[in-house]
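Since the structure comes first, as structure tokens, the remarks are kept for the end.
Protein chains: 2
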Amino acid sequence: MKTTRKLLLSLTGAILVMLVAGCASQQYTAESVADPLASWTDGGAKQRIITFVNAVTDSSSPDFVAVSKRIATFDNDGTLWAEKPTYFQLLFIIDRIKSMAADNPEWKTTQPFQGVLENDMAAVKAAGEHGLVEMLLATHAGMTTDEFAEIVNDWLATARHPSTGKAYNQMVYQPMLELLDYLRANDFKVFIVSGGGVEFMRPWTEAVYGIPPDQVVGSSVETKFEIRAGKAVLMRQPKIHFIDDKATKPVAINRFIGQRPVIAVGNSDGDFEMLQWSTTGSGKRLGIMIHHTDSVREWAYDRNSSEGRLVRGLDEASENNWLIVDMAEDWRVIYPN
Amino acid sequence: MKTTRKLLLSLTGAILVMLVAGCASQQYTAESVADPLASWTDGGAKQRIITFVNAVTDSSSPDFVAVSKRIATFDNDGTLWAEKPTYFQLLFIIDRIKSMAADNPEWKTTQPFQGVLENDMAAVKAAGEHGLVEMLLATHAGMTTDEFAEIVNDWLATARHPSTGKAYNQMVYQPMLELLDYLRANDFKVFIVSGGGVEFMRPWTEAVYGIPPDQVVGSSVETKFEIRAGKAVLMRQPKIHFIDDKATKPVAINRFIGQRPVIAVGNSDGDFEMLQWSTTGSGKRLGIMIHHTDSVREWAYDRNSSEGRLVRGLDEASENNWLIVDMAEDWRVIYPN
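As they're listed, the protein sequences go chains A and B. Reading the first sequence from the start, the letters are residues 2 to 338 in the numbering used here. Reading the second sequence from the start, the letters are residues 2 to 338 in the numbering used here.
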């Protein structure tokens, strides 16, 4: 009796596994060939994106946009990859402080460094924005640009996310990877415009997103040209050059890209002005806000979050005709396999 | 007798015309199909460029460079287009001051504006760099970025060069247009990195050079995001943001492009550090200085010129293994037909 039950259970289990595997395999073969946005559910969000792209790429459409003007800009934190429990660059800073502590004994008694070394996040948070900038400059300056890229690559190769155990650059959103590919297949030139450090992103964006270094715009520190042992280097200086956030995102888009995006995608009020800059241009435009609604597969947050705070972006989306993507409803999967 | 002579002359003329036409046709059909650098003479410069490009694009070569790393940067003034009698942007400033004078009556008695209005170039020069910045900000700020692009386009459509009578953007170098095309055909991504104003260049670089706005790096003023009548605009501010010259060219290349160029091309000591940044990188690199040696077809100048001053670039080219292009010797033609 016991054996029969066991057999029955394991048989049921096997059938379930086969069914699930069957579904998954169907999803990733038949659908992914036919459907460039296979990880999006067949809801309104996906349909609206496809309708928009068809309109601006059909040369007989009144909304046609020439290839040279097909610019799309994407925020990074919370839009292309996750940003919880906090911005991944901040986790990088914390790891850097720990690994640099031996060479900086004064950090043992100096906040916010002491807080980081003692895992006392209240003390770190108490140091506020000033403390954050101090930690940023202590860990992001004093080396050449080439050396910094190596530090970022080494960290990504070994660091793991505290709750998922994934490498950070595997916590990118599969539906967004498909959207990037879909836009490129329709001759869009795709850019990142992020508050994150530009040299924290560039070492890996080409491999992960297919976005080359010159199509990544972000915050930056000053650099200084020097000749060392006959070779030209750029030394990273402990001075912030530019913070790419809110009303400076349009400034950066104009400075680096020189055209208004036809599509702009963000997830927080830090992206509000980028969407305004894009969608109040002449002709058909699409503004998209990714809404973090999935507490099971990812995180659910908006108005009260210290990362990706989204208030105006929700309240004014409708009057601006922006698309709100509901992660729980609109996405079949979150991360790549 | 007279008729026979006339006939003979006209026949000889016709034969000459046919011969010349034949040569020309041969040059622009057979050669231009076979030879992507048809306007370059078969001297050492052309051969060195082709040998270099073959080496870095041949996947079996030890010097092979992956497509994603094939970055080439070009200075603009004196490298892609002419810069005499002075920088074309300065001629634009002068024209702008004259057309804005009615709205600025105080300019009649204020240097350097007075000097411009009275064609007293000695007074203008006496105002030095400070005066130049003042004229720049008076003419380049106070409007939206879109309005400024229109002003530049209107000027280019009507202004003519004082000695050639050509539109300024027809005074681009045909051999350089071919070099840009040749590099793109070999999967190079081509950028402008110029001391000129980025928003003075972007309105026309795509049509003239095939270089899109986001691949143009230059000097800039600050801009400020505003909402006007429900539309987002960027207002150009009377404050310089960045001067892209000398040791700040590598800084800008890193900031905007994020990779060291494999090929860097300039014509003055303002490009010296850009060539250093490029050619002291690892792997095979090519630095090129265009040397203005042709007083008949263009201008001849180097060490003592206020535009395109070239001293170190000549003196240290050999030890740096940079290619000096001799315009008189290496170029069959200067401007496009």
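We put the CB at the ideal spot given by N, CA and C, even for glycine.
Under 8 angstroms between C-beta atoms of residue i and residue j
i, j, result
"residue 181 of chain A", "residue 210 of chain A", "yes"
"residue 266 of chain A", "residue 64 of chain A", "no"
"residue 118 of chain A", "residue 126 of chain A", "no"
"residue 1 of chain B", "residue 324 of chain B", "Chain B is shown only over 2 to 338; residue 1 of chain B falls outside these bounds and no answer can be derived."
"residue 255 of chain B", "residue 38 of chain A", "no"
"residue 309 of chain A", "residue 84 of chain A", "yes"
"residue 264 of chain A", "residue 73 of chain A", "yes"
"residue 331 of chain A", "residue 42 of chain A", "yes"
"residue 240 of chain A", "residue 275 of chain A", "no"
"residue 195 of chain B", "residue 78 of chain B", "yes"
"residue 259 of chain B", "residue 54 of chain A", "no"
"residue 128 of chain B", "residue 113 of chain B", "yes"
"residue 229 of chain B", "residue 149 of chain B", "no"
"residue 247 of chain B", "residue 226 of chain B", "no"
"residue 68 of chain B", "residue 284 of chain B", "no"
"residue 245 of chain A", "residue 219 of chain A", "yes"
is_contact[residue i, chain A] using C-beta, thresh 8 angstroms
i, result
"residue 248 of chain B", "yes"
"residue 256 of chain B", "yes"
"residue 332 of chain B", "no"
"residue 328 of chain B", "no"
"residue 215 of chain B", "yes"
"residue 146 of chain B", "yes"
"residue 259 of chain B", "yes"
"residue 337 of chain B", "no"
"residue 22 of chain B", "Residue placement at residue 22 of chain B is poorly supported in this model, since its pLDDT is 37, which falls under 50; the coordinates are not used for a value here."
"residue 295 of chain B", "no"
Cβ of residue i within 8 angstroms of any chain B Cβ
i, result
"residue 304 of chain A", "no"
"residue 232 of chain A", "yes"
"residue 252 of chain A", "yes"
"residue 115 of chain A", "no"
"residue 226 of chain A", "yes"
"residue 307 of chain A", "no"
"residue 143 of chain A", "no"
"residue 219 of chain A", "no"
"residue 314 of chain A", "no"
"residue 235 of chain A", "yes"
"residue 132 of chain A", "no"
First and last residue of the uninterrupted alpha helix (DSSP H) at residue i
i, result
"residue 50 of chain B", "45–58"
"residue 159 of chain A", "146–159"
"residue 331 of chain A", "328–331"
"residue 186 of chain B", "175–186"
"residue 267 of chain B", "No alpha helix (DSSP H) contains residue 267 of chain B, which is instead part of the beta strand (DSSP E) from 264–267."
"residue 279 of chain B", "273–280"
"residue 96 of chain B", "89–101"
"residue 107 of chain B", "Note, residue 107 of chain B: premise wrong, no alpha helix (DSSP H); not H, not E."
"residue 131 of chain A", "129–141"
"residue 256 of chain B", "Careful: residue 256 of chain B lies outside any alpha helix (DSSP H) and carries neither H nor E."
"residue 320 of chain B", "318–321"
"residue 117 of chain B", "114–118"
The beta strand (DSSP E) enclosing residue i, as first and last residue numbers
i, result
"residue 238 of chain A", "232–243"
"residue 293 of chain B", "287–294"
"residue 229 of chain B", "217–229"
"residue 192 of chain B", "190–198"
"residue 75 of chain A", "72–75"
Near the ligand FAD: residue i beta-carbon under 7 angstroms from a heavy atom
i, result
"residue 223 of chain B", "Within the structure as shown, the ligand FAD is missing, as the structure has no ligands at all."
Neighbour flag for residue i against chain C, beta carbons, 8 angstroms
i, result
"residue 183 of chain B", "In the structure shown, chain C cannot be found, because the protein chains are A and B."
| said: Which residues of the segment 185–207 of chain A have a Cβ closer than 9 angstroms to any Cβ of chain B? Give them in chain order. | reply: Taking a C-beta cut-off of 9 angstroms against chain B, the contacting residues of the segment 185–207 of chain A are 190, 192, 199, 200, 203, 207, listed in chain order.
| Going along the segment 76–105 of chain A in order, which residues come within less than 7 angstroms of chain B, judged by CB to CB distance? | Hits within the stretch: zero.
| Okay, do the segment 196–210 of chain B and the segment 185–205 of chain A touch, 3+ Cβ pairs below 8 angstroms being the bar? | No, they do not touch.
| said: Output needed in chain order: residues of the segment 261–292 of chain A with a Cβ under 7 angstroms from some Cβ in chain B. | reply: Listed by position, the residues of the segment 261–292 of chain A near chain B (Cβ gap below 7 angstroms) are 274, 277, 278, 281.
| query | Pairing CB atoms from the segment 88–102 of chain B with CB atoms from the segment 129–144 of chain B, are three or more of them under 8 angstroms? | reply | Yes: the two stretches touch, three or more of their Cβ pairs being nearer than 8 angstroms.
| task | Can you give me, in chain order, the residues of the segment 53–73 of chain A that have a beta carbon less than 9 angstroms from any beta carbon in chain B? | result | The residues in question are 69, 72.
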